[in-house]
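To start, the structure under review is shown below, and the notes come after it.
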Amino acid sequence: MTEYTIGYIVGSISSTSINRRLAKALEKVAPEGVTLKEIPIKELPFYSPDYDGNFPPVAQEFKSAIEDADGVIIVTPEYSRSIPGVLKNALDWSARPYGEASFNDKPTAVVGTSQGGIATAAGQQHLRSVLLHYNALVLGQPEGYIQSTPGLFEDDGTVTDESTAAFLRSIIEALVTLVRRTAPAEVPAA
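In numbering that gives the first Met the number 0, the protein residues as written are 0 to 189.
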């Protein structure tokens, strides 16, 4: 059985983020053979072209983690109908220096939660536009707009509603299918 490593980026650095709880929920419901691993963004400095000739180690590690993952899930809140500035900053690091975009051809899923009825739909649409500009292979379906209700995700990521757990698992499975479909063909040795 093939093993897959899916990196995930949480678009919030809040210690009480419900999107961090959602990310932990995704870890808990991952199907057998799939490991989810966080790609942290909290320590990234503000991006500036001044760094292009000498990337700080934390930014190099961030880019490498994206490139080394079989696929990436971005779990994000919505701030003012867009994505959080800290997430945009991380995405800017991923795209630099010019011509070395870490998301190029990377199977990527987008998901988020909020307490509102439309969850993070507007923010996710913005995020998809950014990822498409980076030439990421963005998963179209299922769309992961999760309305967070009290007790849906426990602090450790346990999902208290089985239909929500099954839906989250389906997002991971769809991303793994995209990873498989877009993987380079293996050529037998001559």
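All C-beta atoms in this analysis are idealised placements derived from N, C-alpha and C, irrespective of residue type, glycine included.
As the structure is a prediction and not an experimental result, all values here were calculated from the model.
- The C-alpha of arginine 179 is placed about 24 Å away from the C-alpha of tyrosine 144.
- The residue from Pro187, Leu35, His125 and Gly116 with its alpha-carbon nearest to that of glycine 156 is Leu35.
- If you ignore the 5 residues before and after valine 158, its C-beta comes within less than 8 Å of the C-beta of Ala24, Lys27, Val28, Leu151, Phe152, Ala164 and Leu167, all in its own chain and listed in chain order.
- Proximity to serine 79 across Thr119, Ile65, Lys62 and Pro56 peaks at Thr119, based on C-alpha coordinates.
- Per the Cβ contact rule, the stretch 107-117 is not in contact with the stretch 30-45 (fewer than 3 Cβ pairs under 8 Å).
- When DSSP assignments are scanned along the stretch 70-117, the uninterrupted stretches of alpha helix (DSSP H) that are 4 or more residues long and fall wholly within it turn out to be 84-93.
- DSSP links valine 158 through a beta bridge to Phe152.
- Residue burial is scored here from C-beta neighbours: isoleucine 82 has at least 16 other C-beta atoms within 10 angstroms and is therefore classed as buried.
- Shortest Cα-Cα distance from lysine 105 to any of Asn134, Gln124 and Val85 involves Asn134.
- Between arginine 95 and aspartate 51 the beta-carbon gap is near 6 Å, inside 8 Å, which marks them as a contact.
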